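*Asks:*
2 protein chains.
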Amino acid sequence: MEKFLIFKSLAIIIIASKLFGLGARKIKVPQVAGEIFAGILIGPSLLGLVQYSDFLGQMAEIGVIIIMFTAGLETRLSELRKTGIKALLIACSGVFVPLVLGTLLYFAFYGAAPFGSDDFYKAVFIGLILTATSVGITVEALKELGKISETVGTTIVSAAIIDDVIGIVVLTIVIGFKDPTQDVGHTLLMTGLFFVFCIVFGIIIYKLFKIYDRKHRHTRRIPIIGLALCFALSFVAEKYFGVADITGAYIAGVILSSLKDSAYITRKMDISSYMIFGPVFFASIGIQNDLSNFNTSIILFSLAFVVVGMASKVIGCGTVARLEGFKGMDALKIGCGMMTRGEVALIVAQRGFSLGILDSSYSTAVILLIIVSSVVTPILLKVLYNDKNQSNKEVTENVQS
Amino acid sequence: MEKFLIFKSLAIIIIASKLFGLGARKIKVPQVAGEIFAGILIGPSLLGLVQYSDFLGQMAEIGVIIIMFTAGLETRLSELRKTGIKALLIACSGVFVPLVLGTLLYFAFYGAAPFGSDDFYKAVFIGLILTATSVGITVEALKELGKISETVGTTIVSAAIIDDVIGIVVLTIVIGFKDPTQDVGHTLLMTGLFFVFCIVFGIIIYKLFKIYDRKHRHTRRIPIIGLALCFALSFVAEKYFGVADITGAYIAGVILSSLKDSAYITRKMDISSYMIFGPVFFASIGIQNDLSNFNTSIILFSLAFVVVGMASKVIGCGTVARLEGFKGMDALKIGCGMMTRGEVALIVAQRGFSLGILDSSYSTAVILLIIVSSVVTPILLKVLYNDKNQSNKEVTENVQS
Chain S
1 MEKFLIFKSL
11 AIIIIASKLF
21 GLGARKIKVP
31 QVAGEIFAGI
41 LIGPSLLGLV
51 QYSDFLGQMA
61 EIGVIIIMFT
71 AGLETRLSEL
81 RKTGIKALLI
91 ACSGVFVPLV
101 LGTLLYFAFY
111 GAAPFGSDDF
121 YKAVFIGLIL
131 TATSVGITVE
141 ALKELGKISE
151 TVGTTIVSAA
161 IIDDVIGIVV
171 LTIVIGFKDP
181 TQDVGHTLLM
191 TGLFFVFCIV
201 FGIIIYKLFK
211 IYDRKHRHTR
221 RIPIIGLALC
231 FALSFVAEKY
241 FGVADITGAY
251 IAGVILSSLK
261 DSAYITRKMD
271 ISSYMIFGPV
281 FFASIGIQND
291 LSNFNTSIIL
301 FSLAFVVVGM
311 ASKVIGCGTV
321 ARLEGFKGMD
331 ALKIGCGMMT
341 RGEVALIVAQ
351 RGFSLGILDS
361 SYSTAVILLI
371 IVSSVVTPIL
381 LKVLYNDKNQ
391 SNKEVTENVQ
401 S
Chain R
1001 MEKFLIFKSL
1011 AIIIIASKLF
1021 GLGARKIKVP
1031 QVAGEIFAGI
1041 LIGPSLLGLV
1051 QYSDFLGQMA
1061 EIGVIIIMFT
1071 AGLETRLSEL
1081 RKTGIKALLI
1091 ACSGVFVPLV
1101 LGTLLYFAFY
1111 GAAPFGSDDF
1121 YKAVFIGLIL
1131 TATSVGITVE
1141 ALKELGKISE
1151 TVGTTIVSAA
1161 IIDDVIGIVV
1171 LTIVIGFKDP
1181 TQDVGHTLLM
1191 TGLFFVFCIV
1201 FGIIIYKLFK
1211 IYDRKHRHTR
1221 RIPIIGLALC
1231 FALSFVAEKY
1241 FGVADITGAY
1251 IAGVILSSLK
1261 DSAYITRKMD
1271 ISSYMIFGPV
1281 FFASIGIQND
1291 LSNFNTSIIL
1301 FSLAFVVVGM
1311 ASKVIGCGTV
1321 ARLEGFKGMD
1331 ALKIGCGMMT
1341 RGEVALIVAQ
1351 RGFSLGILDS
1361 SYSTAVILLI
1371 IVSSVVTPIL
1381 LKVLYNDKNQ
1391 SNKEVTENVQ
1401 S
């Protein structure tokens, strides 16, 4: 009966994450970077205050599931229908180009590998990490500039939502392929069946939920049953279809995203997430990060990874936008707006580590990409818009946290 | 890597707890009773859908800590000062009489035991479970009757708050005594030192928090740092003073209870609690409850426990109220209002189980007491007030859940 020992770890994780998260915000770096740094600091690499444990791992996993569920909940399917084919093509290219360039980057550093080999999957996974745009920082920057509701702004937001969906599908297929016990045909079949199941099950659940939600708007039961659905679909995905649990959680969010109460569910999830599960997840990345693995090769790779990660989105999204008739400057703005990466990139990387596909030393590269892209994007957008109206900047900075 | 398996358990626990919790509400029984029943149903005793695991135990423990923290946060120290000595004496008697009668009840069933023996502690623990009033249901009943702000109402609320504090002190001392490695003097010393530490540390933390809170009212950091304090004090209590972690959590709540933002912190804690940790705690009581332990002796003891539990509060609180000058009818109302038990009784019982003092089969008695007292109290109060104004009853019933 030493259950109380975990409270020490939790207290340290929560307080350190919040302090460094706030510190990161102050210097205009994403909070998650601060939280990961807090994890490195308190973990075995430096202070040794907190050790990684099965329990923390399990809590972190719940954190991941809740983050993916929330990401799904924020999908606006109706908006996607409106922006239509243009954003879809930009998103496709914004997934495809980083995936290919990321794969090639790995080959360039460590040599090409034949299709299906372990090294091949490593390379593809590096590309996969680069696929998911995290549009939050871009949205904030565009709001500051007062440009969020212009065509460029809405196109970026729509494309970023679609590239999450496409990214999840690609991730699902790649992880499926990697399972050594299954052949390619079986994997494709199960993945296909899973998405068919999700569409059929999703429509039924959505209809039921809609009726229930209308009757019990803004009551506790709505987010609670939503969370149960999220856990259930995560479990079913892994257990019966061999599909990543994060895919299940994300789709559970998408299913509920068109509910009138979806923002209400998101809010309740956010609180559970930022109070305890989120900090545990981000800090645990730092805690698991062994600094002694650090070497020149990793640093060089990380720098190249950041450059390729940012350039590939600009090329992928910008080129297609230009071909679709956007002016050169606007196409560039769209490309730059799609550059930012965030939590999802980390979660994909973590999945690679836990499946044994990637070595955890690559997390340095991912963290660096998140920091650099989040710092550079708002600056670049400001330059591109060449805009001087910073009037409402102060207001948005004081947002709660 | 079978982390996703826990999602199945969580999904089942969350959905079953909510359904049976809502069902319990419908038939005017406390929600926690429904959640415990859900646990029995899905646990190994019946359906076998969920097995108890270390992870669930740890999650339940976090749930307990958050519930105790919230209980502490709801303490209104300023109100206590106002109602003063009358409520204090009622509370003291309301702790003392049930403690003694509960102990005697155990002796009556299983024979008297000498001071300091295992059976003696068992008996005292049975008494201890009876000490904490859970005033929520009484408050709701008094609100329906429109009597909450009259002297009887305010006295009940104040006495219930004070009896929590006294109950926690008694619990702390009893658990301290039970530790076989420590002698009586050492236990008393450490318990005393702990409370001195809490007062000194509490005042410092409170002052710092107050300044910080004034600067950052209603920002996420306030509940987050509060939760960290709760975990930290829970850990420090057990680790350095040999005092129960729930005492630490409760005191952390009391320390922050006078903050302007205490209701804000409570709200955020409530959400984390009802979304996941609370259901896991209550359901896990049911999951651990082995129905095959059921026998006539336990049933008889449980019935006697319920009668003694309710009568002892009426006697203890009512007599002192009468002596203080309350009219006979008002004294009876106060006694009846103090009868209800809730989560804290369960948490004390769980502590007894996990310390090996009590056998978990006694949880039946506790659950029964919670259900019966919560159902009987509102009815009795209505009869005692002999009141017909049920006008706002419908409104309060539709409260969110």
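The listed protein sequences correspond, in order, to chains S and R. Throughout the first sequence, residue numbering follows my numbering, covering 1 to 401 in sequence. Throughout the second sequence, residue numbering follows my numbering, covering 1001 to 1401 in sequence. Just so it is clear, CB atoms sit at the ideal spot from N, CA and C, and this is done for glycine as well. This one's a predicted model, so the numbers in the text were calculated from it and none came from an experiment.
Which same chain residues end up closer than 8 Å to residue 176/S when comparing Cβ atoms and leaving out the 5 residues on each side of it in sequence?
*Replies:* So the qualifying residues of the chain are 182, 187, 188, 190, 191, 242 and 243.
*Asks:* State the CB to CB distance for the pair residue 87/S and residue 164/S, rounded to an integer number of angstroms; the pair is presumed to be in contact (CB under 8 Å).
*Replies:* With a Cβ gap of about 12 Å, residue 87/S and residue 164/S do not count as contacting.
*Asks:* Rounded to a whole number of angstroms, what is the C-alpha to C-alpha distance between residue 1237/R and residue 331/S?
*Replies:* Rounded to the nearest angstrom, the two C-alpha atoms are 60 Å apart.
*Asks:* Count the other CB atoms, across all protein chains shown, that sit within 10 Å of the CB of residue 1115/R; report buried if there are 16 or more and exposed otherwise.
*Replies:* Exposed.
*Asks:* Taking all protein chains shown into account, decide if residue 341/S is buried (16 or more other Cβ within 10 angstroms of its Cβ) or exposed.
*Replies:* The residue is buried, with at least 16 neighbouring Cβ atoms inside 10 Å.
*Asks:* Flag residue 245/S as yes if its beta-carbon sits less than 9 Å from any beta-carbon of chain R, otherwise no.
*Replies:* Judged by the 9 Å Cβ criterion, residue 245/S is in contact with chain R.
*Asks:* With the cut-off set at 9 Å, would you say residue 30/S and residue 316/S are in Cβ contact?
*Replies:* Not a contact, by the Cβ cut-off of 9 Å.
*Asks:* Return the residue from the list 148/S, 3/S and 102/S that minimises the CA-CA distance to residue 1058/R.
*Replies:* Closest by alpha carbon: 3/S.
*Asks:* Do the CB positions of residue 18/S and residue 1225/R come within less than 9 Å of each other?
*Replies:* The answer is yes: Cβ separation under 9 Å.
*Asks:* Comparing alpha-carbon positions, which option in 249/S, 221/S and 105/S lies nearest residue 344/S?
*Replies:* Of the listed residues, the one whose Cα sits closest to residue 344/S is 249/S.
*Asks:* Taking residue 10/S as the reference, which of 1239/R, 1229/R, 1152/R and 1377/R has the closest Cα?
*Replies:* Comparing Cα positions, the closest option is 1229/R.
*Asks:* From the beta carbon of residue 1234/R, is the nearest beta carbon of chain S less than 9 Å away?
*Replies:* At least one chain S Cβ lies under 9 Å of residue 1234/R.
*Asks:* Helix, strand or coil for residue 94/S, going by three-state DSSP, please let me know.
*Replies:* Of the three classes helix, strand and coil, the one that applies to residue 94/S here is helix, per DSSP.
*Asks:* Count the C-beta pairs between the segment 1247-1266 of chain R and the segment 1037-1054 of chain R that are closer than 8 Å, then say yes if the count reaches three, no if not.
*Replies:* No, because fewer than three Cβ pairs between the segment 1247-1266 of chain R and the segment 1037-1054 of chain R fall closer than 8 Å, the two stretches do not touch.
*Asks:* Going by DSSP, what residue range makes up the alpha helix (DSSP H) through residue 26/S?
*Replies:* From DSSP, the alpha helix (DSSP H) with residue 26/S extends over 5-26.
*Asks:* In whole angstroms, what is the alpha-carbon distance linking residue 284/S and residue 1168/R?
*Replies:* Spanning the two alpha carbons is a distance of roughly 34 Å.
*Asks:* Take the Cβ of residue 27/S as the centre, count every other Cβ of all protein chains shown within 10 Å, and call the residue buried at 16 or more, exposed below.
*Replies:* That one is exposed.
*Asks:* Please state whether the Cβ-Cβ distance between residue 130/S and residue 171/S is less than 9 Å.
*Replies:* Taking 9 Å as the Cβ cut-off, residue 130/S and residue 171/S do not qualify as a contacting pair.
*Asks:* As a quick exercise: from 110/S, 22/S, 121/S and 162/S, pick the residue whose alpha carbon is nearest that of residue 82/S.
*Replies:* Residue 162/S is the option with its Cα nearest to residue 82/S.
*Asks:* Could you have a look at residue 219/S and say whether DSSP puts it in helix, strand or coil?
*Replies:* Coil, per DSSP.
*Asks:* Is the distance from the Cβ of residue 1380/R to the Cβ of residue 1145/R below 9 Å?
*Replies:* Their beta carbons are not under 9 Å apart, which means residue 1380/R does not touch residue 1145/R by this criterion.
*Asks:* Throw me the rounded Cβ distance for the residue 1358/R and residue 1309/R pair, which I believe falls under 8 Å.
*Replies:* Not really, about 15 Å apart at Cβ, beyond 8 Å.
*Asks:* Would you say residue 1333/R lies against chain S (beta-carbon separation less than 9 Å)?
*Replies:* No, no contact with chain S.
*Asks:* Among residues of its own chain, excluding the 5 on either side of residue 1333/R, which ones have a beta-carbon nearer than 6 Å to its beta-carbon?
*Replies:* 1152 and 1384, listed in sequence order.
*Asks:* Which residue's Cα is closest to the Cα of residue 408/S: 347/S, 173/S, 212/S and 232/S?
*Replies:* Here chain S has residues from 1 to 401 only, and residue 408/S is not among them.
*Asks:* Please specify which runs of the alpha helix (DSSP H), each continuous and at least 4 residues long, are wholly inside the segment 318-393 of chain S, giving them in chain order.
*Replies:* As far as the segment 318-393 of chain S is concerned, its whole alpha helix (DSSP H) runs of at least 4 residues are 328-337, 343-354 and 363-385.
*Asks:* Using three-state DSSP, classify residue 1279/R as helix, strand or coil.
*Replies:* Three-state result, residue 1279/R: helix.
*Asks:* Please return the same chain residues whose Cβ sits closer than 7 Å to the Cβ of residue 280/S, not counting the five positions on each side in sequence.
*Replies:* 13, 56, 59, 60 and 63, listed in sequence order.
*Asks:* Just reading off the alpha helix (DSSP H) that residue 1076/R is part of, what are its end residues?
*Replies:* Looking at the DSSP string, residue 1076/R is not in any alpha helix (DSSP H), and its letter there is neither H nor E.
*Asks:* At 7 Å on the CB atoms, spell out the chain S contacts of residue 1146/R, in chain order.
*Replies:* Those within 7 Å of residue 1146/R in chain S number zero; the least Cβ separation is about 26 Å.
*Asks:* Less than 8 Å between the CB atoms is what I'm expecting for residue 166/S and residue 223/S, so what's the real figure, rounded?
*Replies:* Wrong, their Cβ atoms sit about 28 Å apart, outside the cutoff.
*Asks:* Residues in its own chain within less than 7 Å of residue 1336/R by CB, not counting five upstream and five downstream?
*Replies:* Within the same chain, residue 1336/R has close Cβ partners 1314, 1377, 1380, 1381 and 1384.
*Asks:* In chain order, what residues of the same chain have a beta carbon less than 8 Å from the beta carbon of residue 1347/R, not counting five sequence neighbours either side?
*Replies:* Excluding sequence neighbours, residue 1347/R sits near 1064, 1067, 1068 and 1246.
*Asks:* List the residues of chain R that residue 87/S touches, going by C-beta distances under 8 Å, in chain order.
*Replies:* Near residue 87/S there are no residues of chain R at all, since even the closest Cβ is about 32 Å away, more than 8 Å.
*Asks:* One question on the structure: do residue 365/S and residue 297/S come within less than 9 Å of each other, judged by their Cβ atoms?
*Replies:* For residue 365/S and residue 297/S, no; Cβs fall outside 9 Å.
*Asks:* With a cut-off of 9 Å, does the C-beta of residue 1228/R fall near any C-beta of chain S?
*Replies:* True, the Cβ-Cβ gap to chain S drops below 9 Å.
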